[in-house]
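Everything in the sequence shown is counted per full-length UniProt numbering, starting at 1 for the first residue and increasing by one.
Virtual Cβ for every residue (Gly too), placed ideally from N, Cα, C.
Keep in mind the model is a prediction, meaning the values are calculated, not measured.
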Amino acid sequence: MANELFLSLLTIMTKKKLLFLLSLISISFSAQIYRPIDTADYIQRKEFIKNFSSGNEMLVRNIKSKYPGKTGSELEKIYSEFEKDFIKQVKNKDFIFASVFDSKVKSLIERLRKNNPEIPKNLNILIAKDNTPNAYCLADRTFVINMGLFYWLDNDDQIASVISHELGHKMEEHSLKAFLSYINQNQKDRITVKSLKAVKENQKQNAFEILKSRVYKKSIEKRNDEIQADSLGYAVFRKSDFSKSEFVNALKKLQQFDTISPRQLKVETYKKYFTLPQQEFKEKWLNKEDFSLYNYNHFKEKLDKDSLSSHPEVALRIEKLKTTFPELASSSVSPEASESFKNLEKTARMESMSNLYHSEDYGLGIYASLQSLQDGEEEIYHKMWLGKYFSKIYEARKNYNLNRYLDRVDPKNQSESYQQFLNFMWNLSLDEIKNIADYYQKKS
Ligand SMILES: [Zn+2]
1 MANELFLSLL TIMTKKKLLF LLSLISISFS AQIYRPIDTA DYIQRKEFIK NFSSGNEMLV
61 RNIKSKYPGK TGSELEKIYS EFEKDFIKQV KNKDFIFASV FDSKVKSLIE RLRKNNPEIP
121 KNLNILIAKD NTPNAYCLAD RTFVINMGLF YWLDNDDQIA SVISHELGHK MEEHSLKAFL
181 SYINQNQKDR ITVKSLKAVK ENQKQNAFEI LKSRVYKKSI EKRNDEIQAD SLGYAVFRKS
241 DFSKSEFVNA LKKLQQFDTI SPRQLKVETY KKYFTLPQQE FKEKWLNKED FSLYNYNHFK
301 EKLDKDSLSS HPEVALRIEK LKTTFPELAS SSVSPEASES FKNLEKTARM ESMSNLYHSE
361 DYGLGIYASL QSLQDGEEEI YHKMWLGKYF SKIYEARKNY NLNRYLDRVD PKNQSESYQQ
421 FLNFMWNLSL DEIKNIADYY QKKS
């Protein structure tokens, strides 16, 4: 909870949506086998944690002098809780240090700073091993940039626009304001709940109403924050030498990520990669469960989904920008990506395998490797990952905890192609999984 509140997210996306992303990846052929990024960065990690902790201490001291009393100590609780949680993520190697992505982001910030000297000099950049196109800034001077931005966005200018948006959040101290309103609301709710207890009737319903109004209020506040960060961010961005229209084009790209529908995994692909010398392909692996008898209404969400969306519809943000800044009104074609950007795009695409392995999304990893193989991309590399993922799936199946690593079929929320894939995976027996794992591990 504290974590979520602490961050000002550009967009919040579920892992499921990764599927859409992965299914759109373009085909590119190359002769060399891709070498994964070396994550032996123990020294940098240690250094980061040291600086992060002392930065956080300073932050808390400042805040306590600014907000004495109960509010100050509540804030302190939130910040130290967050610090603990964030350091845990760093230790868990959720971020990479001193990578090619780092230097790119730093050079983009330098370019922004040329005409915006007010941008702080000592920003910390962290690259997250996360495939979703997302970025956020922390209450100190740390900016987190997800690797996924590099293969979802089109060029340097679009990455710079995301950084500018985050700078907008930073300028307005949105995360601090969100905490203050959270603390304030908590106190109000406590009073309301007390007075409600006097009325025995409909107690549960009333408690639910409180929760609901709170969730709605939060999403409206968040929406305003996003719109404000867009305006402030664009004010920085337009002064730089980046192509102005890319600020809107980046938002359009993120909107696509939300709505795109997945490409199919063909039956031939299953047959091609699961017909092995020691094990023939079985048609029954592709059998689908019949879900027509389930009553999905039973699980219907109680809260209205639209109002709950944690970031405002991107379309609305684009409209706002176009009214505030008339030069953005007409749409224009994106400039071609620089060579260095194209290399990063490829690196991010290849690293997506390692990222899914790191987050233990083994089922998704298999699905994504199969799609890359279907596209004829980096065959040896992706077969190696098939072996790694399948051996994890084997262990999980043996230990009866496959549910943790492989989704259940959910016809309401999954594409046909992904449902087919899940049916296939759940239809495999323990021995069959082992044969596949052994085959692809030996191959690599
Ligand atoms: Zn934002």
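Original post:
What residues in its chain sit with their C-beta under 7 Å from that of Lys170, if we drop five residues either side in the sequence?
Top reply: Cβ neighbours of Lys170 within its own chain (closer than 7 Å, five residues either side excluded): Cys137.
Original post:
For Ala229, is the beta carbon positioned less than 7 Å from some heavy atom of ligand 1?
Top reply: Yes; taking the cut-off as 7 Å, the Cβ of Ala229 has a heavy atom of ligand 1 nearer than that.
**OP:** In angstroms with no decimal places, state the Cα-to-Cα distance between Gln441 and Leu386.
**Re:** Gln441 and Leu386: Cα-Cα distance of roughly 8 Å.
**OP:** Return the chain-ordered ranges of every alpha helix (DSSP H) run that is complete within the segment 299-368 and spans a minimum of 4 residues.
**Re:** Along the length of the segment 299-368, whole alpha helix (DSSP H) runs at least 4 residues long occupy 305-308, 314-324 and 339-358, reported in chain order.
Original post:
Bridge partners of Phe95, per DSSP?
Top reply: Phe95 is bridged to Ala128.
**OP:** With a threshold of 7 Å, establish whether the CB of Glu226 neighbours any heavy atom of ligand 1.
**Re:** Yes, Cβ of Glu226 sits closer than 7 Å to a heavy atom of ligand 1.
Subject >> DSSP beta-bridge partners of Leu276 >> reply: According to the DSSP secondary-structure assignment, Leu276 is paired through a beta bridge with Gln279.
**OP:** Taking Asn146 as part of the alpha helix (DSSP H), name the residues at either end of that continuous run.
**Re:** In the DSSP assignment, Asn146 falls outside any alpha helix (DSSP H) and within the unbroken beta strand (DSSP E) covering Thr142 to Asn146.
Original post:
For Ala135, which beta-bridge partners are listed by DSSP?
Top reply: Beta-bridge pairing links Ala135 to Ile145.
**OP:** Report yes if the C-beta distance between Phe390 and Ala315 is below 8 Å; otherwise report no.
**Re:** No, the Cβ-Cβ distance between Phe390 and Ala315 is not below 8 Å.
Subject >> Residue from Lys50, Arg111 and Met58 with nearest C-alpha to Phe86 >> reply: The shortest Cα separation from Phe86 among Lys50, Arg111 and Met58 belongs to Lys50.
Subject >> Nearest to Thr324 (by Cα), restricted to the options Gln89, Leu232 and Ile33 >> reply: Thr324 has its Cα closest to that of Leu232, out of Gln89, Leu232 and Ile33.
Subject >> Closer than 7 Å: His382 CB and nearest ligand 1 heavy atom >> reply: His382 Cβ: outside cutoff for every heavy atom of ligand 1.
Original post:
Skipping 5 residues on each side, what residues in its chain have a beta carbon closer than 7 Å to that of Pro120?
Top reply: The beta carbon of Pro120 sits closer than 7 Å to those of Arg141, all from its chain and outside the five residues before and after it, given in chain order.
Subject >> Spatially closest choice to Tyr362 from Leu344, Lys388, His382 and Arg349, by CA coordinates >> reply: Nearest of Leu344, Lys388, His382 and Arg349 to Tyr362, Cα basis: Lys388.
Original post:
In or out: Asp306 buried (at least 16 other Cβ within 10 Å) or exposed?
Top reply: Residue confidence for Asp306 is low, a pLDDT of 40 falling below 50, so the modelled location carries little weight; the figure read from the coordinates is stated next. Asp306 comes out exposed.
**OP:** Using only alpha-carbon positions, find the residue among Tyr367, Met425, Ser352 and Ser243 that is nearest to Glu336.
**Re:** Scanning Tyr367, Met425, Ser352 and Ser243 for the CA closest to the CA of Glu336 turns up Ser243.
Original post:
Measuring CB to CB, does Ala229 end up less than 8 Å from His174?
Top reply: With respect to His174, Ala229 sits close: the two C-beta atoms are nearer than 8 Å.
**OP:** State the Cα-Cα distance for the pair Leu75 and Phe97, rounded to the nearest angstrom.
**Re:** So the alpha carbons of these two residues sit roughly 29 Å apart.
Subject >> Ser243, DSSP secondary structure in three states >> reply: Ser243: coil per DSSP, three-state reduction.
Subject >> Cβ-based neighbour list, Met353, same chain, cut-off 6 Å, excluding 5 preceding and 5 following >> reply: Excluding positions up to five away in sequence, the list reads Trp385.
**OP:** Could you name the residues of the same chain whose beta carbon sits closer than 8 Å to that of Lys129, not counting the 5 residues immediately before and after it, in chain order?
**Re:** These residues qualify, in order along the chain: Lys93, Asp94, Phe95, Ile96, Met147, Glu351, Ser354, Asn355, His358 and Ser359.
**OP:** Quick one: measure Cβ to Cβ for Ile159 and Leu167, integer angstroms, because I've assumed they're closer than 8 Å.
**Re:** That belief does not hold up - the Cβ atoms of Ile159 and Leu167 are roughly 13 Å apart, past 8 Å.
**OP:** State whether the segment 282-291 contacts the segment 178-185, with contact taken as three or more CB pairs (one from each stretch) at a distance under 8 Å.
**Re:** The segment 282-291, when compared against the segment 178-185, does not touch it at the 8 Å Cβ threshold.
**OP:** Specify the secondary structure class of Ser417 as computed by DSSP and reduced to three states.
**Re:** Secondary structure at Ser417: helix, using DSSP grouped into helix, strand and coil.
**OP:** Out of Gln371, Glu57 and Gln374, point me to the one whose CA is closest to Glu81's CA.
**Re:** From the listed residues Gln371, Glu57 and Gln374, the smallest Cα separation to Glu81 is found for Glu57.
**OP:** Give me the Cα-Cα distance between Asn115 and Ser107, rounded to the nearest whole angstrom.
**Re:** Near 14 Å, if we compare the C-alpha coordinates of Ser107 and Asn115.
Subject >> Backbone CA spacing between Arg238 and Asp410 [nearest angstrom] >> reply: Cα-Cα distance, rounded: 45 Å.
Subject >> Given Asp407 as reference, the closest of Tyr394, Leu364 and Ile433 once Cα atoms are compared >> reply: Ranking the options by Cα distance to Asp407, first place goes to Leu364.
Original post:
Hey, Leu276 and Gln374: beta-carbon distance below 8 Å or not?
Top reply: No, the pair does not count as a contact, with Cβ atoms beyond the cut-off.
Original post:
Are Asn435 and Gln278 close, meaning C-beta to C-beta below 8 Å?
Top reply: Cβ atoms of Asn435 and Gln278: closer than 8 Å.
**OP:** Using three-state DSSP, classify Lys392 as helix, strand or coil.
**Re:** Helix, per DSSP.
Subject >> Length of the line joining the Cα atoms of Asp41 and Ile227 >> reply: Straight-line Cα distance between these residues: approximately 37 Å.
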